[in-house]
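In the numbering used here, the protein residues as written are -8 to 302.
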């Protein structure tokens, strides 16, 4: 399968000679369809908040050095990073849905399944944000299980709690969910506490990836698994790399511009290339103490899920 970009369209060719042409106009219509779920004026009302967040992010950008360092280095103040994520909380969910054309829900369900969450389990969602993965975990563990969502941004946790209260009564009360403010590199939990864990788009945002992986290994019970979902740092020049670059340039950045965040999302591409590759993540997880570590490319290589298992 090969992908080529033509004027006003994106063509995908298959080995049997057939091809699909995705018009840019159709893609724009899909973007507008998802964006219209929130009134356009709501974006304008948030413009001042995002202008403040933009100024903050300019001071937080890390150089694209690669290796096990996340998007923020140790020299950048924790309070400033917390403030950034607190500021983007109001439209975090809508922006995620728009940027992925709704597909992030599918990827998160895959992560929960691969983490091995089961009925009655004690499970953890690290960097839980507004609770998307935590709610999928709650459905997986059922009324006899318990979900803990950890995030260092209190506004994100407040939003997650509001979303929990807006869920249907059966879902709202069937599973216990605890929202905890804390650091993924120094979690406030006892060792061997959880039967499964997930992490969605959080590993790139920690200062020290090895420390976060060691903490994850520590809090899991023996034999437990975790699934870490994030952008895939695909091999340079590969089809996945080209498709990801096209999506970022033609979908993600233009849509982010609708929310006043074009400059920030133009930085997303170099930040992904600074993130460890799938093979590097596998190695880092083994060095952190996990017995098994396997990285899977998903969404045509645009995203990836690292699945790890503790001894």
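Every residue gets a Cβ at the ideal spot worked out from N, C-alpha and C, and that includes glycine.
Hey, would you say residue i sits closer than 8 Å to residue j, going by beta carbons?
i           : j           : result
residue 135 : residue 111 : yes
residue 212 : residue 185 : yes
residue 142 : residue 128 : no
residue 131 : residue 103 : yes
residue 206 : residue 238 : no
residue 210 : residue 182 : yes
residue 257 : residue 242 : no
residue 109 : residue 208 : no
residue 221 : residue 192 : yes
residue 200 : residue 159 : no
residue 204 : residue 276 : yes
residue 233 : residue 260 : no
residue 118 : residue 190 : yes
residue 100 : residue 122 : no
Thinking just about the alpha-carbon of each residue, which of the options is nearest to the one in residue i?
i           : options            : result
residue 95  : 132, 107, 290, 185 : 290
residue 229 : 143, 176, 292      : 292
residue 137 : 188, 271, 295      : 188
residue 218 : 133, 298, 122      : 298
residue 223 : 182, 295, 214      : 295
residue 169 : 233, 161, 269, 148 : 148
residue 269 : 177, 262, 284, 261 : 284
residue 287 : 98, 176, 204       : 98
residue 120 : 146, 101, 105      : 146
residue 114 : 282, 215, 264      : 215
residue 165 : 203, 194, 133      : 133
residue 225 : 246, 271, 191, 199 : 271
residue 167 : 156, 173, 174, 175 : 156
residue 253 : 118, 240, 262, 175 : 240
residue 198 : 92, 265, 227, 274  : 265
residue 227 : 263, 249, 246, 248 : 263
residue 126 : 92, 162, 93        : 162
residue 278 : 144, 93, 202       : 202
residue 173 : 246, 250, 144, 248 : 144
Please state whether DSSP places residue i in a helix, a strand or coil.
i           : result
residue 236 : helix
residue 214 : strand
residue 247 : helix
residue 140 : strand
residue 147 : helix
residue 158 : coil
residue 286 : strand
residue 222 : strand
residue 101 : helix
residue 291 : helix
residue 38  : With a pLDDT of 44 at residue 38, under the threshold of 50, the modelled position of this residue cannot be trusted; read the value that follows with caution. The answer is helix: DSSP assigns residue 38 an H, G or I state.
Please report the residue range of the beta strand (DSSP E) in which residue i lies.
i           : result
residue 190 : 185 to 191
residue 169 : 167 to 172
residue 297 : 294 to 300
Output the boundary residues of the alpha helix (DSSP H) element that contains residue i.
i           : result
residue 199 : Premise fails: residue 199 is in no alpha helix (DSSP H) and is neither H nor E.
residue 124 : 123 to 132
residue 92  : Counting along the chain, residue 92 falls outside any alpha helix (DSSP H), and DSSP gives it neither H nor E.
residue 115 : Run containing residue 115: none in the alpha helix (DSSP H); it sits in the beta strand (DSSP E), 113 to 117.
residue 194 : Note, residue 194: premise wrong, no alpha helix (DSSP H); not H, not E.
residue 261 : 259 to 265
residue 276 : 269 to 278
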